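Numbering (this note's numbering), first residue to last: 1 to 102.
From the three backbone atoms N, C-alpha and C, an ideal C-beta is built for every residue, glycine too.
For clarity, every value in this text was computed on a predicted model and none was experimentally measured.
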Amino acid sequence: MSTEIMDSTATLPSEKFIPTAEQPVELTDRAAQTVLDILEEQGNPEGVRLRVYVAGGGCSGLSYGMALDENTEEGDGFFRDKGVDIVIDAMSQKYIFGSTVD
């Protein structure tokens, strides 16, 4: 059984901090620096996180994507990797677990 931990930076009661051992994706150093550079160019907006997601792709399978997002949804989980705050919905977590973003 996994233990859910609430982090003091959570913005919604339903938003859950994902412990390091359970983080579904990892950023390479290059990917993390790219995200941090983009955020810096935008003036480091408060509350903006990298959202990693999976969307239904119809007959061609699943589509994977990323976007900067300041919104959170019911059931989102979040974690920090290499200085980047990452948010991911519960459905996407199971499809991308173990992935590396480069």
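Sequence-distant residues of its chain with Cβ nearer than 7 angstroms to Thr20 (five each side left out): For Thr20, same chain residues with a beta-carbon under 7 angstroms away, outside a window of 5 residues either side, do not exist.
Straight-line Cα distance separating Asp81 from Arg96: The sequence given here has Ile at residue 96, not Arg. C-alpha separation (whole angstroms): 15 angstroms.
Enclosing alpha helix (DSSP H) for Thr136 [first to last residue]: Because the chain in this structure spans residues 1 to 102, residue 136 falls outside the shown range and cannot be described.
Extent of the continuous alpha helix (DSSP H) run through Ala90: Residues Ala90 to Ile96.
For Val48, the nearest candidate out of Glu74, Ile18, Ala67 and Val101 (CA to CA): Comparing alpha carbon positions, the residue from Glu74, Ile18, Ala67 and Val101 closest to Val48 is Ala67.
Nonlocal neighbours in the same chain, by C-beta distance under 8 angstroms from Ala32, ignoring five residues either side: Here the set comprises Asp81, Lys82, Gly83 and Val84.
Cut-off 8 angstroms between Cβ atoms - residues of its own chain near Pro13, not counting five sequence neighbours on either side: Note that Pro13 scores a pLDDT of 49, beneath 50, so its modelled location is shaky; the value from the coordinates is reported in the next line. Closer than 8 angstroms at Cβ, skipping near neighbours: no residue.
DSSP state of Glu26 mapped onto helix, strand, coil: Glu26 falls in the strand class under three-state DSSP.
Distance, Glu40 Cα to Glu22 Cα: Going from the Cα of Glu22 to the Cα of Glu40 covers about 28 angstroms.
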